[in-house]
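Colleague: According to numbering that gives the first Met the number 0, the sequence shown is numbered sequentially starting from 0. Glycine residues also receive a C-beta, built at the ideal position from the N, C-alpha and C atoms. None of the values given here were measured: they were computed from a predicted structure.
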Amino acid sequence: MTTSRSSHSANTLTASALIFSTAGAAFLSIDNLLEFVDTHAIGTASVPMVAWFILFAGSVAALGGMRTRDFTRALVAIAIVGFVATRSPATSLHLSLPIAIALQALVPLTFAAAGASVLRRPRDLVIVQVLAALLMGLALAWTATAFIPVALGAFLIAQAGTLLVALSLSLRPVLRLSRDVARDLWSSADVG
């Protein structure tokens with residue numbers, strides 16, 4: 000009983016940390032996209048604080064995903080931490096050029112791997128399968144636009160789109176709960 004309860008608590012903590020870190024990373028990417036059109040969603044002074052919060056939540060989610068053997072969550076969390084770490088102005092990290100270039104390729108490929116791992120589980124909801132395929136496509140577009148000379152706007156859109164889809168996928172427990180509640184309500188309804 001105690002093991003089951005602690006496993007459930009670890010799953011809940013991991014899912015919550017992943018939702019918070021993914022939402023924060025999506026918010027930072029949208030702010031980055033808005034900066035392209037010379038506006039900001041958040042003040043420049045609060046970006047480092049948001050970034051460090053995301054790094055902490057993402058690290059918790061990555062460790063929780065590894066501990067509970069949910070490698071999809073772990074992959075998404077690792078990609079989130081990599082994304083925020085490569086945003087040097089946000090985190091004040093000064094990465095050497097080879098490391099920054101390697102992370103520029105590995106971060107979106109990690110998102111693509113997370114999408115592929117979801118697609119390998121055919122029992123998931125159809126919407127989850129569609130989101131996983133979309134995550135893979137956007138992550139591969141992000142990778143391509145990082146190294147092919149295209150408009151910066153296309154790169155930022157692919158990046159923000161990938162993170163928004165990752166956020167949607169991190170809400171998978173909420174989707175399952177909603178489906179189960181709807182199913183229970185439907186089965187208990189007096190349909191005559």
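How is the alpha helix (DSSP H) around Ser45 delimited, first residue to last?
Modeller: As a working note, residue 45 is residue 46 in the sequence shown. Careful: Ser45 lies outside any alpha helix (DSSP H) and carries neither H nor E.
Colleague: Taking three-plus beta-carbon pairs below 8 Å as touching, is the segment 177-186 in contact with the segment 134-144?
Modeller: no
Colleague: Pull up the distance between the alpha-carbon of Pro107 and that of Leu32, whole angstroms please.
Modeller: Locating residue 107 in the sequence shown gives position 108, counting from the first residue. Locating residue 32 in the sequence shown gives position 33, counting from the first residue. Going from the Cα of Pro107 to the Cα of Leu32 covers about 17 Å.
Colleague: Would the beta-carbon of Thr21 fall within 7 Å of that of Ala140?
Modeller: Here residue 21 refers to the residue found at position 22 of the sequence shown. Here residue 140 refers to the residue found at position 141 of the sequence shown. No.
Colleague: Out of curiosity, what's the CA-to-CA distance linking Arg68 and Ile98?
Modeller: For the purposes of this step, residue 68 is identified with residue 69 of the sequence shown, where counting begins at 1. For the purposes of this step, residue 98 is identified with residue 99 of the sequence shown, where counting begins at 1. Whole-angstrom Cα-Cα distance: 28 Å.
Colleague: If I measure Cβ to Cβ from Ala19 and keep anything under 7 Å in the same chain, skipping five residues before and after, which residues do I get?
Modeller: By 1-based counting over the sequence shown, the position of residue 19 is 20. First, the residue type needs correcting, since residue 19 is Phe and not Ala in the sequence shown. Hits under 7 Å: Ala56.
Colleague: Count the other CB atoms, across all protein chains shown, that sit within 10 Å of the CB of Thr130; report buried if there are 16 or more and exposed otherwise.
Modeller: Here the question's residue 130 lines up with position 131 in the sequence shown. In the sequence on display, residue 130 carries Leu and not Thr. Classification for Leu130: buried.
Colleague: By how many angstroms is the C-alpha of Thr144 removed from the C-alpha of Ala150?
Modeller: Locating residue 150 in the sequence shown gives position 151, counting from the first residue. Locating residue 144 in the sequence shown gives position 145, counting from the first residue. Distance between the alpha carbons of Ala150 and Thr144 is about 8 Å.
Colleague: Would a C-beta distance cut-off of 7 Å place Val83 and Ala113 closer than the cut-off?
Modeller: Position 84 of the sequence shown holds residue 83. Position 114 of the sequence shown holds residue 113. Cβ atoms of Val83 and Ala113: not closer than 7 Å.
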